[in-house]
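K.L.:
Top line first, the protein sequences correspond to chains A and B. Those letters in the first sequence? Residues 1 to 131, per my numbering, in order. Those letters in the second sequence? Residues 1001 to 1131, per my numbering, in order. Ideal Cβ positions, reconstructed from N, Cα and C, are used throughout, including at glycine. Note that the coordinates shown come from a computational prediction; the quantities given were computed from them, not determined experimentally. Take this structure, written in structure tokens, and hold onto it; I'll ask about it next.
Number of protein chains: 2
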Amino acid sequence: MKALKYSRQRESIKEFLADRRDHPTADTVYMNIRKLYPNISLGTVYRNLSLLASLGEIRKVSCGDGVERFDPNIVPHYHFVCRECGCVQDIPMEPLDGLETMASKGFAGAIDGHTALFYGVCNACRNKEDQ
Amino acid sequence: MKALKYSRQRESIKEFLADRRDHPTADTVYMNIRKLYPNISLGTVYRNLSLLASLGEIRKVSCGDGVERFDPNIVPHYHFVCRECGCVQDIPMEPLDGLETMASKGFAGAIDGHTALFYGVCNACRNKEDQ
DNA sequence: ATTTGTGCAAAAGCTTTGCAAGGAA
DNA sequence: TTCCTTGCAAAGCTTTTGCACAAAT
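Structure (structure tokens):
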């Protein structure tokens, strides 16, 4: 395997992501990093996000809207997706232990992980509707 | 709203999907329907799959591989995704009742649905490795 | 000096859409 | 006739990639 060299672009992507709880898309990352490094390219953002994800430093999250999101929290957890605004939030709940064993019953294959997505309308959207 | 008119293309898409347990992609549907209607276009396939999904006759399934899949089974259920070949299978397990209530605890928003994806290696792939 | 990372632009996938022609009601 | 659906092609979006140059070791 190849050695990893320092890059301030990668570093700033990591730092930017670390503070975010909203699971930004590659484009959001790009738009924000550009404030600091106006010449950074979208390709570089994608390359680094992929790299960081494969290193296990961040996590790629698919929420079914055709765009990948990135999460600095690598501890297993569930997500909520708002049907109206599409925002993604963490669910304050421990992942169910033993769910994989349960799912394995009568299933032809070896299960070793799971994710869950919850759907609904976020509070911000509900407040808007009330008015 | 607009009235729905019969189309043999849509009908054949529905029939094709009805027999499948493997959650085909739009392209797979297209390739297969073409055997019957060689002039059908990919756009028509996409339009009808979207329409059928919005009518609730089929279900769009996102499995995190950047491609949408389509499922004739509209009853809520969980899916398994093979890490090696990417195949998608149904999990023989009832969706957990009360999971949404559990997830709602301490969460800012109204939850009214959920999906779950299980990961692992399917039997077909495991058998290949053994040899 | 060597090897990795970047910026730019082009290309690649998947999906959607505009439009004129065809088909159902 | 009226309105829906189709085929075709173009466009849209997100993501990946080739390449020459820049930066790190």
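Kindly list, in the order they appear in chain A, the residues whose Cβ is closer than 7 Å to that of glutamate 1100 of chain B.
P.N.:
To locate residue 1100 of chain B, count along the second sequence from 1; it is residue 100. Chain A residues near glutamate 1100 of chain B: Phe118.
K.L.:
Under 8 Å: do the segment 36 to 47 of chain A and the segment 72 to 81 of chain A share three or more Cβ pairs, one atom per stretch?
P.N.:
no
K.L.:
Less than 8 Å between the CB atoms is what I'm expecting for serine 1012 of chain B and tyrosine 1037 of chain B, so what's the real figure, rounded?
P.N.:
One-based indexing of the second sequence puts residue 1012 of chain B at position 12. One-based indexing of the second sequence puts residue 1037 of chain B at position 37. Indeed, because the Cβ distance is near 7 Å, the residues count as touching under 8 Å.
K.L.:
Can you pull the chain B residues whose beta carbon is under 8 Å from the beta carbon of proline 92 of chain A, in chain order?
P.N.:
Taking the first sequence and counting its residues from 1, the one referred to as residue 92 of chain A is at position 92. Those within 8 Å of proline 92 of chain A in chain B are Lys1105, Gly1106, Phe1107.
K.L.:
Using C-beta distances below 6 Å, list every residue in its chain close to histidine 23 of chain A, excluding the 5 sequence neighbours before and after it, in chain order.
P.N.:
In the first sequence, the residue the question calls residue 23 of chain A occupies position 23. The beta carbon of histidine 23 of chain A sits closer than 6 Å to those of Val61, Arg69, Asp71, Val88, all from its chain and outside the five residues before and after it, given in chain order.
K.L.:
Per DSSP, glutamine 1089 of chain B forms a beta bridge with which residues?
P.N.:
Residue numbering aside, residue 1089 of chain B sits at position 89 when the second sequence is read from its first letter. Looking at the DSSP assignment, glutamine 1089 of chain B forms a beta bridge with B/Phe1080.
K.L.:
Within the 7 Å Cβ cut-off, does cysteine 1122 of chain B reach chain A?
P.N.:
As a working note, residue 1122 of chain B is residue 122 in the second sequence. For cysteine 1122 of chain B, a Cβ of chain A is located within less than 7 Å of the residue's own Cβ.
K.L.:
With glutamate 1100 of chain B as the anchor, note down where its beta strand (DSSP E) starts and where it stops.
P.N.:
Start at 1 with the first residue of the second sequence, and residue 1100 of chain B comes out as number 100. Counting along the chain, glutamate 1100 of chain B falls outside any beta strand (DSSP E), though it belongs to the alpha helix (DSSP H) covering 1099 to 1104.
K.L.:
Compare the C-beta of alanine 110 of chain A against all C-beta atoms of chain B and say whether one is closer than 7 Å.
P.N.:
If you number the first sequence from 1, residue 110 of chain A lands on position 110. Yes, because at least one Cβ of chain B sits closer than 7 Å to the Cβ of alanine 110 of chain A.
K.L.:
In whole angstroms, give me the CA-to-CA distance for aspartate 65 of chain A and glycine 1120 of chain B.
P.N.:
The count along the first sequence starts at 1 and reaches residue 65 of chain A at position 65. The count along the second sequence starts at 1 and reaches residue 1120 of chain B at position 120. Cα-Cα distance, rounded: 23 Å.
K.L.:
Please confirm whether glycine 1064 of chain B has its beta-carbon closer than 7 Å to some beta-carbon of chain A.
P.N.:
Residue 1064 of chain B sits at position 64 when you count from the first residue of the second sequence. Closer than 7 Å to some Cβ of chain A, the Cβ of glycine 1064 of chain B qualifies, so yes.
K.L.:
Taking the alpha carbon of alanine 1110 of chain B as the reference point, which residue from A/Leu51, A/Ile91, A/Ser7 has its own alpha carbon closest?
P.N.:
Taking the first residue of the second sequence as position 1, residue 1110 of chain B is located at position 110. Checking every option, the nearest Cα to that of alanine 1110 of chain B belongs to A/Ile91.
K.L.:
Could you tell me which residues DSSP puts in a beta bridge with serine 1062 of chain B?
P.N.:
Within the second sequence, the letter at position 62 stands for residue 1062 of chain B. Paired residues: B/Glu1068.
K.L.:
Would a check of beta-carbon distances place histidine 1143 of chain B closer than 7 Å to chain A?
P.N.:
With chain B covering 1001 to 1131 only, the question about residue 1143 of chain B has no answer from this structure.
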